[in-house]
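Peer 1: One structure is given below, represented as structure tokens, and several questions about it will come after.
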Amino acid sequence: MESFLAWLDSVSAELWRVLKPAGTLYLFCGPKLAADTELLLRSRFNVLNHIVWAKPSGPWNRTRKSELRSYFRATERIIMCEHYGAEGFAKGSSGYYEKCKALRQHVFAPLINYFQEEKARAGVTNKEINQATGLPLRSGSYPMPSNIKSCKLCLPERHWSGTMTRWKLSLWHCSDNTKVWHKSLIT
1 MESFLAWLDS VSAELWRVLK PAGTLYLFCG PKLAADTELL LRSRFNVLNH IVWAKPSGPW
61 NRTRKSELRS YFRATERIIM CEHYGAEGFA KGSSGYYEKC KALRQHVFAP LINYFQEEKA
121 RAGVTNKEIN QATGLPLRSG SYPMPSNIKS CKLCLPERHW SGTMTRWKLS LWHCSDNTKV
181 WHKSLIT
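Here the sequence shown is numbered in our numbering, starting from 1 and rising by one per residue.
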């Protein structure tokens, strides 16, 4: 067993050298050495998963369990790993982060514009909104108001139906002269 692990250590050094920075390594191993193999790989790689592949049919179905000294191995282990820090490399080299940011700006643009227009129409500042709601209002961060927080703001009555969603936001007047946001599903 020690000689096998020493050999596997030399192989893993070569695998570390040839594996691309955004590559993934899948190493198949038996259940008896799976723990030792995983510990050995952790010294060089970031282990993502330890997959157990169950084999429902095989030669163990033809054996008599009373004659076996140990349970027959009906599973195979797959250790999935990557280079340490590979996630950041993959995001940076593919432009994934920038593409997600551009998509978010495009998708949320109508909602962000709506909140900016309503804030300007109500004549309130970010500082006043922060004090009333207890939440920071900053560029790109517009939390949906709850009933209590909306009552504190007392915004003008406004109805809005999103074109990209199936929700309708309405500002209702309460009996105690407060106003409450109500979210209802458009059918």
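Backbone N, C-alpha and C fix where the C-beta goes; we use that ideal spot for every residue, glycine too. Only a predicted model underlies this, so the values are computations on that prediction, with no experimental measurement involved.
Please confirm whether N46 and A86 have their CB atoms less than 8 angstroms apart.
Peer 2: Along the sequence shown, read from residue 1 onward, the residue named residue 46 stands at position 46. Along the sequence shown, read from residue 1 onward, the residue named residue 86 stands at position 86. Taking 8 angstroms as the Cβ cut-off, N46 and A86 qualify as a contacting pair.
Peer 1: Tell me, please, whether the stretch 34 to 54 touches the stretch 71 to 86 by the rule of three or more beta-carbon pairs shorter than 8 angstroms.
Peer 2: Verdict: yes, contact present.
Peer 1: Measuring alpha carbon to alpha carbon, tell me which residue in F4, H106, T125 and A102 is nearest L33.
Peer 2: Sequence index remark: in the sequence shown, residue 33 carries index 33 (1-based). That would be F4, whose Cα lies nearest to the Cα of L33.
Peer 1: Mind listing, in chain order, the continuous alpha helix (DSSP H) runs of no fewer than 4 residues lying wholly within the stretch 69 to 132?
Peer 2: The stretch 69 to 132 contains these whole alpha helix (DSSP H) runs: 86 to 94 and 96 to 122.
Peer 1: I need the DSSP call for L27, collapsed to helix, strand or coil.
Peer 2: Counted from its first residue, the sequence shown places residue 27 at position 27. In this structure, L27 counts as strand in the three-state DSSP scheme.
Peer 1: S70: which of P56, F108 and P31 sits nearest, CA to CA?
Peer 2: Here residue 70 refers to the residue found at position 70 of the sequence shown. Checking every option, the nearest Cα to that of S70 belongs to P31.
Peer 1: Whole-angstrom Cβ separation of W16 and R62, contact assumed at under 8 angstroms?
Peer 2: Residue numbering aside, residue 16 sits at position 16 when the sequence shown is read from its first letter. Residue numbering aside, residue 62 sits at position 62 when the sequence shown is read from its first letter. The Cβ separation is near 41 angstroms, so there is no contact.
Peer 1: Mind checking L40: buried by the 16 CB within 10 Å criterion, or exposed?
Peer 2: Sequence index remark: in the sequence shown, residue 40 carries index 40 (1-based). It is buried - the Cβ of L40 has at least 16 other Cβ atoms within 10 Å.
Peer 1: Does DSSP put L15 in a helix, in a strand, or in coil?
Peer 2: For the purposes of this step, residue 15 is taken as the residue at position 15 of the sequence shown. The answer is helix: DSSP assigns L15 an H, G or I state.
Peer 1: Are the beta-carbon atoms belonging to L25 and T37 less than 8 angstroms from one another?
Peer 2: By one-based count along the sequence shown, residue 25 stands at place 25. By one-based count along the sequence shown, residue 37 stands at place 37. Contact flag unset, no.
Peer 1: In the stretch 33 to 62, which residue ranges form an unbroken alpha helix (DSSP H) of at least 4 residues, counting only runs that do not cross its ends?
Peer 2: DSSP runs (the alpha helix (DSSP H)) wholly in the stretch 33 to 62: 34 to 42.
Peer 1: Have a look at T75 and W7 and give me their C-alpha separation to the nearest angstrom.
Peer 2: Along the sequence shown, read from residue 1 onward, the residue named residue 75 stands at position 75. Along the sequence shown, read from residue 1 onward, the residue named residue 7 stands at position 7. Their Cα atoms are separated by approximately 23 angstroms.
Peer 1: Note down the Cα distance separating P56 from F72, rounded to an integer number of angstroms.
Peer 2: The count along the sequence shown starts at 1 and reaches residue 56 at position 56. The count along the sequence shown starts at 1 and reaches residue 72 at position 72. Roughly 12 angstroms between the two C-alpha positions.
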